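Quick note, the sequence shown lines up with residues 633 to 891 if you use our numbering. Quick notes on the structure that follows.
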Amino acid sequence: MKSLRRLSLNLFGEKLYYGLGYYALLLQPKFADSVRRLRQYKELHTDERCFILGNGPSLRNTDLSLLKDEYTFGTNRIYLISKMQNFNPTYYVAVNKLVIEQCAYEINQFLQCPRFISYDARGWLSGGKDIIYLLSRDGPKFYRDITKGVWQGATVTYVCMQLAYFMGFRQVILIGVDHFYGMQGKPHAIAISQAADKDHFNGDYFGAGFRWQLPDLPQSEAAYQIAKNYFEDDGRVIVDATVGGHLKVFPKIDYQKLF
């Protein structure tokens, strides 16, 4: 039985070991194509820096015009920031199925950049050359090779960190990661917003009627600590330039002084 669960597949010239479920996915054209395209990003940005944008209220007080020549990762409904600031991310990431289901049209229409999307939510999107699927897998784990999957770690920013590591970025800078929610409840429970969203940079982000999962800040912190260790063990670093953020895992740095 063990040999049936663990199969060797010579894929694109490299011997990789996966479980039976992953082997089956590799027979799916969309997923196999995504794995092939993901390999093109490996160490593409070696020794460069990037910014990962959270979507907290502090983003309203962060001058995103300073990022015009920087590599950036935007997530979920980051495109709503364009109403306030002229900003478009270099890369876009979304892995939560509820978000993708409700925002599929916007993700298809409002973003003109490579989009890394959870394979589980592929049915909601039209596909296209700019969409690359990621396989969400069990954790806790930091996937240095994202062709094998990613662990969500209860926050899409953790997926961005795995992408940044795979791409070779030397320094990752967080902004808009406030790490605080006024909305309370059981972590991961599905809630329906009843009013304007006060926990993100735009009141329409998870506005009235939007379905979303309540945050799990302790699990996010545990995931962040794992990412911190992996980066530092490899001589790289993650720092936090969020204006007034509550996260204490990463070293703090002044956003303005980065430029």
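Ideal placement from N, C-alpha and C gives every residue a C-beta, glycine not left out. All values reported here derive from a predicted model rather than from experimental measurement.
Between the CA atoms of residue j and residue i - distance to the nearest angstrom
i	j	result
Q734	S768	19 Å
K729	V791	14 Å
L639	Y724	Low confidence applies here, because L639 scores a pLDDT of 31, under 50, leaving its location unreliable; read the following figure in that light. Those two C-alpha atoms are separated by around 32 Å.
M716	Q826	23 Å
K830	Y655	43 Å
G877	Q888	15 Å
K880	E853	9 Å
P721	G653	33 Å
D701	F719	11 Å
P772	L890	32 Å
Y862	A840	39 Å
C682	R668	23 Å
The ligand NAD heavy atom lying under 8 Å from the CB of residue i
i	result
M799	Absence of the ligand NAD is noted for the structure shown, with no ligands found whatsoever.
Sequence-distant residues of the same chain with beta carbon closer than 8 Å to residue i, five excluded per side
i	result
A726	T707, N708, I732, C735, I739, R747, F748, I749, S750, A753 and V788
L712	F833, N834, D836 and Y837
I885	I805, V871, D872 and A873
K860	I870, V881 and F882
P661	none
Sequence-distant residues of the same chain with beta carbon closer than 7 Å to residue i, five excluded per side
i	result
L846	M815, G817, K818, P819, H820, A821 and A823
Q794	F774, Y775, I778 and V782
L670	I764, I778 and T779
N693	V875
L659	none
H677	Y703, M799, G800 and F801
Which of helix, strand or coil DSSP assigns to residue i
i	result
G686	coil
D679	coil
V727	coil
S768	strand
G706	strand
S714	helix
S758	coil
K662	helix
K674	coil
V881	coil
Residues near residue i by beta carbon distance below 6 Å, same chain, minus five either side
i	result
Q851	A786
E675	G800
Identified DSSP bridge partners for residue i
i	result
W844	A823
T874	According to DSSP, T874 bridges with nothing at all.
Q803	R681 and V869
S896	It is not possible to answer for residue 896, since the shown part of the chain is limited to 633 through 891.
V809	Partner(s): none; V809 has no beta bridge.
Rounded Cβ spacing between residue i and residue j (contact assumed at less than 8 Å)
i	j	result
R802	E680	6 Å
L806	I684	5 Å
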